[in-house]
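Residues in the sequence shown are numbered consecutively from 163, following the numbering used here.
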Amino acid sequence: HWGPALPASLLGGFGFFMFHITMQANATQMGPQARSTGVTMFASFLFLGQSIGVVLAASLIDRIGTSAVIALGGGVMAALGIYFARALRRRASLAAG
Numbered sequence: 163h164w165g166p167a168l169p170a171s172l173l174g175g176f177g178f179f180m181f182h183i184t185m186q187a188n189a190t191q192m193g194p195q196a197r198s199t200g201v202t203m204f205a206s207f208l209f210l211g212q213s214i215g216v217v218l219a220a221s222l223i224d225r226i227g228t229s230a231v232i233a234l235g236g237g238v239m240a241a242l243g244i245y246f247a248r249a250l251r252r253r254a255s256l257a258a259g
């Protein structure tokens, strides 16, 4: 049934938006000498990661199914969010002294 897909898609999209905007903000807040390199690397890895993700997901769908691939993607995004939240907190505490 498609009923749960709508709120799940909205929540997933919002989560990806929040993750993306946080990473983009950090890329643009680098020092002036590294800013262009940071933003370029951010954009390059974003698009490269999406391309690689499509290839991996397509091969996994044949093996484990669509639902499992979607759940795996959600789990990976949650793990990345937790990792980067901790890394940003650690960096802020080191900068504070």
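For every residue, glycine included, the Cβ atom is placed at its ideal position computed from N, Cα and C.
So residue i and residue j are in contact, right, with Cβ under 8 Å, and what is the actual spacing, rounded?
i	j	result
Ile244	Val231	That pair is no contact at about 21 Å.
Gly285	Met239	The chain is shown only over 163 to 259; residue 285 falls outside these bounds and no answer can be derived.
Gly174	Gly236	7 Å
Phe207	Gln186	Between Gln186 and Phe207 the Cβ distance is about 12 Å, and since that is not below 8 Å, they are no contact.
Do residue j and residue i come within 8 Å of each other at the CB atom, strictly closer than that value?
i	j	result
Thr190	Val201	yes
Leu261	Phe181	In the structure as shown, the chain starts at 163 and stops at 259, and residue 261 therefore has no counterpart that could be examined.
Flag residue i as yes when its Cβ comes closer than 7 Å to any non-hydrogen atom of the ligand COA, and as no otherwise.
i	result
Val231	With respect to the ligand COA, the structure shown offers nothing to examine, as it has no ligands at all.
Which ranges does the alpha helix (DSSP H) cover as unbroken runs of at least 4 residues, wholly within the region 192–219, from first to last along the chain?
You should have found no qualifying run.
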